[in-house]
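Sequential numbering from 388 applies to the sequence shown in our numbering.
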Amino acid sequence: MSERNESADPPEHEQVRPVSGTDHVVLRRILRVVLTLALVLYFLATAMFLGLRYGVLPRVDTFRPRIEAAVSEKLRTQFTIGRLAPHWSGFQPGLDITNLVIRDHDGHPALTIPHATATVSWRSLWQFQPALSSLIVDQPDVLVSRGEDGVLAVAGVPVPTRHSGNDTLSTWLLRQQAIVVRGGVLRWRDATRDVPEIALRDIRIAILNDGHDHRMALQAPPDGKVLHGPLDFRTQFRHAPLSAIGKPINWTGQAYVSTGPVDLPALARYISFPIETFAGSIDNAIWIDFSEGRMTSANGRLNGNDVALRVRPTQPKLLLPVAHFLWRVEANQGDFRLQLSDLRAELGQPPLEDGTPLTRTLQFQTLDGRYRTATQQHGQLLGVTGDRVDLGILAEFSRALPLPRRFLNQLVRINPRGLVSNYVIEVERGKPESGEVGSDRRPTGAEPIERYRFKGDLQGISFAAQEPGPGLTPRGHPRAGIPGIENLWGNVDADEKGGRALLDTSKVALTLPGVFDDPRLLIDRLYARAEWTMLPKDTDSTRPAFALKLTDVKVSNPDVDATATANYSNPGHGRGSLDLKADFQRAQVTRIARYLPTAVSEKLRIYLGHGLQAGVSRGGTIEVHGDLTKFPYSRDPGAGIFQIVAPFTGGRFDPTPYPPRNMRNGTPNVWPAFDGIDGVFELKQNVLRFDIERGRYKRFAVTSVNGRIDDLGTKASNLVIRGNGRGPLADMLDYVNGSSLGIMARRQTEKIRAEGPASLALRLTIPRTPKPHIGVEGTLGFQNNRLSANHVPPLSQLTGRVRFTERTAEAERLSGQFMGGDVHANGGLRQDGTYALALDGHIAVDAARGLGLHGPAAQVLTHMSGSAPYELNVSGAKGSLPQVSANSDLSGLALDFPAPFNKPAGTPMPLHFAVKPSSEAGESGLERADLTLGPVAAAYLLRYQPRVQPGQPPTVVRGAIGVNRPADLPSEGVVAAVDVKEFDADAWRLLAAQLRGGGVAATGAAGAGGASGAGGAGGAGSGGATSNTSATSNTSTAGAASTTTAASPQA
């Protein structure tokens, strides 16, 4: 087996290229050049170092006069240096400066530096300008002052108050490696103000620069006058490469500044504030981020205590016992954002009378605001979001801010209150028409709003209603104001396209000026969902066009429990169109008029408010469909639907017009109310009606009653009420007594007592004009009734009916029992005011005694027996005596009276009584009364003058009485011609006593004497007329004639 040895060397064909001699020559030459330059630079640096150390620096103080002169000339003020001394810090040269002073024009020190140390940096060699590696200034004292001419001076050197763009100082400061100021004093003196000098002492400043990186710091302790805490300022930033180091536009970094409590009134004594401060202090800390010389963001905290200030002299003082919040601001090319957090501000209020202080607290966790200036790409934008805000406290705070007067006035009128939480508010205007945009353009608000949004949760929101403008609408209705609300809860989300809202609240008050007589509606429970959409405007639109939809509306208060749905649209002009359907689970009838809008006739609202006095409605509805410009469609029923349907029970209705009125004849227009009414009230466009199934007045029940106004749009359309009733006649008479009918009857019906049931069919026509003439039409049916009055025999078993109107009354087949016999009546009161009544019947004395009569009528019946027919006719007119005709032969009666008025039954004794106007010559205007009763014939002339002597009975002008012989009327007075066989005065006296005293002590009365009896007979024969007579008579007991002459009567 053979062995093989393999070499690790490369194959023979791989050859390495040898280094040529030319390459070595080039390298050697480069090395020689580099070494030569290094040696030259070394010796130059050595020479410079040695020159500075042993040649220049030891003699630096000799340059001091020239330095002072050059600086004084440059500053135009006296500049001096006490001493310049060189020193070395390692290999770095430096100077010690002692007693540097700059004096002002008056020769007083404006800047003093007891000692400063400056160390020169070797970077000055390649920067080609002096640069310090360190500058330490100990205990400098700098005066900043403002002269009487307003010129500002720093260290005695006037400085411009406007930015000149000169960055020499900032460039020099940032080129030094380190600058330190220790124990400095900064003084401020203002000759334009009468205030003492103020000074900050022990100021510490540090400036550290490392290439592109820079750091600065300033610290100062409190001065005890203005600053009550330390002042701390720090910043760290970089400047852009290859850019001017001293221009802020090239800086990017952060800054921090904080102060302790700053006394605002003390600070306001030294500097001009845009606001007037009275008390308080603030301290704050601020962190700032900036880029390319512009602030990109800033955040900080602020604390204020017992602050009192006024923004403008015309605005109220703003009191802030406590103010605290964190804030952050961001700015990005005209887009500014503000964030506030943990805000708590107590607003002071005037104390109570006992001195107790009052405060209100504005508090929230977050508030973010955004403001974007207008550009050619987009319009101005303003937005605010936050967790919660108290509108009432914010409004009070806003009144002290420099806001537009118009806005502040509107804020006072609206007076917002309540909380809004989780809110978003954004308003964006259109792009400006001109090219002047950005921050240089003053926002005028002329551009229209193109986009907006409001979203928030409402918690107890309230704002005041605004009263409507003066005057009426074209249709004569009151104008509607801007609604107001109190204690509204819910949420809303709206933008320029539409929105939605949910309301869920208790104990809310809604104010609708001009819509209702009492504009404030109190609601115990309100729930509603709303959605709305903004619509395109019409050409003649003056307001935004929109459509509103309400669903699931629920309302509850003591007056009503209701649900509703509605759709409303407005094209941008007019009152819009409404489709409303409301269902009432419960409604108080007495409050219906309260919810009638002012567009409904005022007189109707007042009348219903008075007339509907009790009752509950269940299952009622309200519907509105149509253009609200023509609401309530009473004049144009085809323009829409306005309908109220309200079934009710337990109602009480007073039909008396309200306010109270008189009829044309001066009679008060009064009608008693009905109770226990069950029915339906309906108002539809121009028609009002109510249908009553049942009701009552006391025990008198009414059925099938309906009332109707056919056209509410015209006053000529009357209220017509029809109905039927049945019940006790006594209650019916009571209703008449309490109504206008009883007044027109001069309360005579109050003297009548009634028994038994009766029926009534009635129709009332009530005009809707001032002093209306009420139309009455009805039928009264009697059903075996009994009527009675004092000293009058009763009328019983009364049947038939009486038709009547407000002017007439007509008896139809009226019959009954009177004085024990049948009686029939026909006739009545006619339209022209005349009347005629015909009675016929008969008297049944035996039956009449069983009626239980009392008084003279009962005593007369004890002297009678049997029966007799009679006829009575009465006619006449208002303002004159009735014309009476009564006839009966009395043949069926037996009379047991003293002679000559006694007779047995079957013997006639004709009775005739008549009253009529006299037809004789010379007796015009007088009435003649004739009486014939058996042997007696009497005639009287009467004078009746109700217009001259209202309420007075007729008076006797003259008269004549004949017994068994005729008697002619004398020219004056009353005469009597009597021819009787005998006259039993005792019997007549006994009869008179029975009639007066009901038969009591009749025997004693018989012994009173003949003269008294004669006088009583004479008085009875006067026929009721008023007269005063003196008479003489010759009477024989054997039938001699007797003649009596009477003197003239006195009315």
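For glycine and all other residues, C-beta sits at the position ideal for the given N, C-alpha and C. It should be emphasised that the depicted structure is a prediction, and the values quoted were computed from it without experimental measurement.
Considering only the beta carbon of each residue, do residue i and residue j sit closer than 7 Å?
i, j, result
"residue 1033", "residue 998", "no"
"residue 976", "residue 1061", "no"
"residue 1327", "residue 1350", "no"
"residue 1225", "residue 1215", "no"
"residue 1002", "residue 1037", "yes"
"residue 880", "residue 842", "yes"
"residue 542", "residue 605", "no"
"residue 795", "residue 777", "no"
"residue 916", "residue 939", "yes"
"residue 1185", "residue 1169", "yes"
Excluding sequence positions up to five away, which residues of its chain have a Cβ less than 6 Å from the Cβ of residue i?
i, result
"residue 1258", "1227, 1274"
"residue 1095", "1076, 1107"
"residue 1122", "1059, 1084"
"residue 716", "685, 725"
"residue 453", "none"
"residue 812", "771, 841"
"residue 914", "891, 941"
Roughly how far, in whole angstroms, is the beta-carbon of residue i from the beta-carbon of residue j, given that I think they are within contact range, below 8 Å?
i, j, result
"residue 1087", "residue 1112", "6 Å"
"residue 678", "residue 639", "5 Å"
"residue 1266", "residue 1232", "Actually they are not in contact, since the Cβ atoms of residue 1266 and residue 1232 sit about 37 Å apart, beyond 8 Å."
"residue 533", "residue 578", "6 Å"
"residue 968", "residue 918", "Residue 968 to residue 918, Cβ: 17 Å. No contact."
"residue 1189", "residue 1201", "7 Å"
"residue 930", "residue 973", "The Cβ separation is near 37 Å, so there is no contact."
"residue 734", "residue 784", "6 Å"
"residue 995", "residue 1031", "Not confirmed; about 11 Å, so no contact."
Identify, in the order they occur along the chain, each residue of the same chain with its Cβ nearer than 8 Å to the Cβ of residue i, setting aside the five sequence neighbours on each side.
i, result
"residue 562", "514, 516, 518, 596, 632"
"residue 837", "766, 815, 816, 817, 883"
"residue 1255", "1229, 1230, 1275, 1276, 1277, 1278, 1279, 1280"
"residue 1292", "1252, 1253, 1278, 1279, 1280, 1281"
"residue 1268", "1302, 1314, 1329, 1331, 1341"
"residue 1065", "1035, 1036, 1037, 1038, 1079, 1080, 1081, 1082"
"residue 1400", "Annotation note: pLDDT 34 at residue 1400 (below 50); position unreliable, no value reported."
Who are the near neighbours of residue i in its chain, counting only those whose CB is closer than 7 Å to its CB and skipping five residues on each side?
i, result
"residue 506", "476, 479, 481, 519, 520, 521"
"residue 1402", "Low per-residue confidence applies at residue 1402: pLDDT is 35, beneath 50, and the placement is therefore not dependable, though the value from the model is reported in the following sentence. Hits under 7 Å: none found."
"residue 1100", "1021, 1022, 1073"
"residue 422", "none"
"residue 636", "679, 680"
"residue 1218", "1194, 1195"
From which residue to which residue does the alpha helix (DSSP H) around residue i run?
i, result
"residue 838", "Note, residue 838: premise wrong, no alpha helix (DSSP H); beta strand (DSSP E) at 836–850."
"residue 1132", "That residue, residue 1132, is in no alpha helix (DSSP H); it is neither H nor E in DSSP."
"residue 1124", "1116–1124"
"residue 998", "989–998"
"residue 780", "778–785"
"residue 558", "555–562"
"residue 894", "That residue, residue 894, is in no alpha helix (DSSP H); its beta strand (DSSP E) goes 885–898."
"residue 1376", "1372–1384"
Provide the residue span of the beta strand (DSSP E) that contains residue i, from first to last.
i, result
"residue 380", "For residue 380 there is no data in the structure shown, the boundaries of the chain being 388 and 1438."
"residue 1170", "1162–1176"
"residue 1233", "Here residue 1233 belongs to no beta strand (DSSP E); instead the alpha helix (DSSP H) covers 1232–1236."
"residue 1181", "1179–1192"
"residue 592", "585–597"
"residue 569", "565–577"
message = Check whether the region 885–892 and the region 862–871 are in contact - that is, three or more C-beta pairs closer than 8 Å.
response = Contact between the region 885–892 and the region 862–871 is absent, because fewer than three Cβ pairs lie under 8 Å.
ask   = Counting Cβ pairs, one atom from each stretch, are 3 or more of them under 8 Å apart for the region 635–652 and the region 605–621?
value = At 8 Å Cβ cutoff, the stretches touch.
query = On the three-pair Cβ rule with 8 Å, is the region 485–494 touching the region 457–472?
reply = By the Cβ rule, the region 485–494 counts as touching the region 457–472, because three or more pairs are nearer than 8 Å.
query = For the 8 Å Cβ check, are there 3 or more pairs between the region 962–979 and the region 850–857?
reply = The answer is no - the region 850–857 does not touch the region 962–979, with fewer than three Cβ pairs under 8 Å.
query = Per the contact definition of three or more C-beta pairs closer than 8 Å, is the region 1171–1189 in contact with the region 1130–1141?
reply = Yes, the region 1130–1141 touches the region 1171–1189.
query = Is the region 584–604 close to the region 541–550, with three or more CB pairs under 8 Å?
reply = With the cut-off at 8 Å, the region 584–604 and the region 541–550 do not touch.
key: Contact the region 939–946 vs the region 955–963: 3+ CB pairs below 8 Å   = By the criterion of at least three beta-carbon pairs nearer than 8 Å, the region 939–946 is not in contact with the region 955–963.
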